[in-house]
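Asker:
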Amino acid sequence: MDEVATVNLLGGSLGDLLPDIRDSESTPPLYYLLAFAWTKLFGTSEVAIRSLSALIGTATVPLAFATARRLVEERAALVAAGLVAVNPILVWYSQEARAYALLVLLTVVSLGAFAVACRRPSVTPTRAHPSGRTHPGAGRQAGRQATAPHWAQATSRRDERRRRAPAA
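Next comes the structure, spelled out in structure tokens:
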């Protein structure tokens, strides 16, 4: 039923899309805006509508490797990427014409931004990657819950650095 709702939302005009999302969805509009453009290029067949999520899910694997590589050695990062690639839930999400795969991708990007912020004291959490500013608004409530600890920790580290800075 969820996928039918997605197809119905995407069947109208762009002007109708945002009010329809506001009225019928709990998911913020980023996925639907991407899917709207995608369906204009590839149509609304079952394969076409699901291929966006498949592409997003596939892109998550190398991003998971890159993110893990910032935190651990290469071998462990390869294992992490492999687990992302074969995780049944992530494979399932990547076949749904819904925002789930995008949520996972943005969470991985947010974790990568957190890793950058932790390694480079001069980089603030929100400057580490633009998605750090947009992810909670682009994902679902689960996205905000998944990334809130990253940003809280990174922000506290930034505040700690400010306290340690010598007074001018």
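Okay, so the sequence shown: first residue is 353 according to the numbering used here, each after it adds one. Where is the CB? At the ideal position from N, CA and C, for every residue including glycine.
Near residue 358, which residues of its chain fall below 8 Å by C-beta distance, leaving aside the five closest residues on each side in sequence?
Answerer: Taking the first residue of the sequence shown as position 1, residue 358 is located at position 6. Cβ neighbours of residue 358 beyond the five flanking positions: 384, 387, 401, 449, 450.
Asker: Go ahead and label residue 390 buried or exposed: buried means 16 or more other beta carbons lie within 10 angstroms of its beta carbon, across all protein chains shown.
Answerer: Looking up residue 390 in the sequence shown gives position 38. Answer is buried; the Cβ neighbour count reaches 16.
Asker: Quick one: residues in its chain with C-beta nearer than 7 Å to the C-beta of residue 406, no 5 flanking neighbours on either side, listed in chain order?
Answerer: As a first step, residue 406 must be located in the sequence shown, where it is residue number 54. So the list reads 446, 447, once near-sequence residues are dropped.
Asker: What do you reckon, is the C-beta of residue 421 under 7 Å from a heavy atom of the ligand ZN?
Answerer: For the structure depicted, the ligand ZN is absent and the ligand set is empty, with no information on it obtainable.
Asker: Pairs of beta-carbons, one from the segment 414–434 and one from the segment 363–382, closer than 8 Å: are there three or more?
Answerer: Contact between the segment 414–434 and the segment 363–382 is absent, because fewer than three Cβ pairs lie under 8 Å.
Asker: State the start and end residues of the unbroken alpha helix (DSSP H) segment that holds residue 453.
Answerer: The residue given as residue 453 occupies position 101 in the sequence shown. 452–471 is the span of the alpha helix (DSSP H), which, as asked, contains residue 453.
Asker: Determine the direct distance from the alpha carbon of residue 416 to that of residue 465, and round the result to whole angstroms.
Answerer: In the sequence shown, the residue the question calls residue 465 occupies position 113. In the sequence shown, the residue the question calls residue 416 occupies position 64. Taking the straight line from one Cα to the other gives about 12 Å.
Asker: Report, in whole angstroms, the separation of the C-beta atoms of residue 419 and residue 456, which I expect to be a contact under 8 Å.
Answerer: The residue you call residue 419 lines up with position 67 of the sequence shown. The residue you call residue 456 lines up with position 104 of the sequence shown. Residue 419 to residue 456, Cβ: 12 Å. No contact.
Asker: Would you mind stating whether residue 422 and residue 471 have Cβ atoms separated by less than 8 Å?
Answerer: Residue 422 sits at position 70 when you count from the first residue of the sequence shown. Residue 471 sits at position 119 when you count from the first residue of the sequence shown. For residue 422 and residue 471, yes; Cβs fall inside 8 Å.
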